[in-house]
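Written out below as C-alpha cells is the structure these notes cover.
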Amino acid sequence: MKYVFTILAVVLFLFSGSAQSIVKSKDENAVAARVETFREALIDADGSKLKELTSDNLSYGHSNGNIQNQAVFIEKIVNGESDFVMIEFQNQTIEIVGDMAIVRHNLAAHTKDGGVDKDIKIGIMLIWQKQKNKWLLVARQAFKLPS
Numbered sequence: 001m002k003y004v005f006t007i008l009a010v011v012l013f014l015f016s017g018s019a020q021s022i023v024k025s026k027d028e029n030a031v032a033a034r035v036e037t038f039r040e041a042l043i044d045a046d047g048s049k050l051k052e053l054t055s056d057n058l059s060y061g062h063s064n065g066n067i068q069n070q071a072v073f074i075e076k077i078v079n080g081e082s083d084f085v086m087i088e089f090q091n092q093t094i095e096i097v098g099d100m101a102i103v104r105h106n107l108a109a110h111t112k113d114g115g116v117d118k119d120i121k122i123g124i125m126l127i128w129q130k131q132k133n134k135w136l137l138v139a140r141q142a143f144k145l146p147s
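Sequential numbering from 1 applies to the sequence shown in UniProt numbering.
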C-alpha cells in the first residue's frame, strides 16, 4: 500500500508540472499571436487594431528616450510620421510571469519616416498584461543594441 501512495504522489507531481507547462505554453502562444498582430498593425498603420492591442495606460518608449502614451503612439503611426515599411522580430523570447508577459526581441525594420528611407536594428522589451482574458500591451521600451 505504501508503494501505491508513493507512485500516486509521483504521478500527481508530474501531472501538475505538465498542466502548468500546458497553460504556460498556451499563454506563450497567445502572446506570440498578439505580438505578430501588433507587428502587422504597425506595418499597416491600423489605428483601430493598435488601440485594440494596447492598454489605455500604454507607456511606449523609443530608443532615443522619447516616451509616448497610447494616443500619441497611435497618432504618429496612423499619420505616417512613423512609417514602417518592413518589420522583422528576431531572437524573440516570451516569459510568462503571472498575468504579465515579458517579450524581448531585436527589431529589424525598414522605415520611411518623413519620406526618408532608413534601416534600423534595435532591441525591444514589451510588457503585456492579461486583462479580462485578453493580452494587452502596457509598456514597450526600445534600446540601442551594442555595436
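Ideal Cβ positions, reconstructed from N, Cα and C, are used throughout, including at glycine. For clarity, every value in this text was computed on a predicted model and none was experimentally measured.
Inset, instruction - Flag this pair as touching only if the stretch 88 to 108 and the stretch 123 to 136 have three or more C-beta atom pairs under 8 Å; answer yes or no. - result: yes
task = Give the straight-line distance between the Cα atoms of T129 and N29, rounded to the nearest whole angstrom.
result = The question names Thr, but residue 129 in the sequence shown is Gln. The alpha-carbon atoms of Q129 and N29 are separated by roughly 14 Å.
V85 versus S147 - alpha carbon distance
24 Å
Who are D113's beta bridge partners in DSSP? V116
Open item on the list: Strictly by DSSP, which residues pair up with N106?
Closed with: Q90, G123
| query | D83: which of G98, A142, D44, L136 sits nearest, CA to CA? | reply | D44
Self-check item: Rounded distance between the beta-carbons of L42 and I94, thought under 8 Å
Solution: Not confirmed; about 18 Å, so no contact.
TODO: Pick out whichever of D27, S55, Q68 has its Cα sitting closest to the Cα of A142.
DONE: Q68
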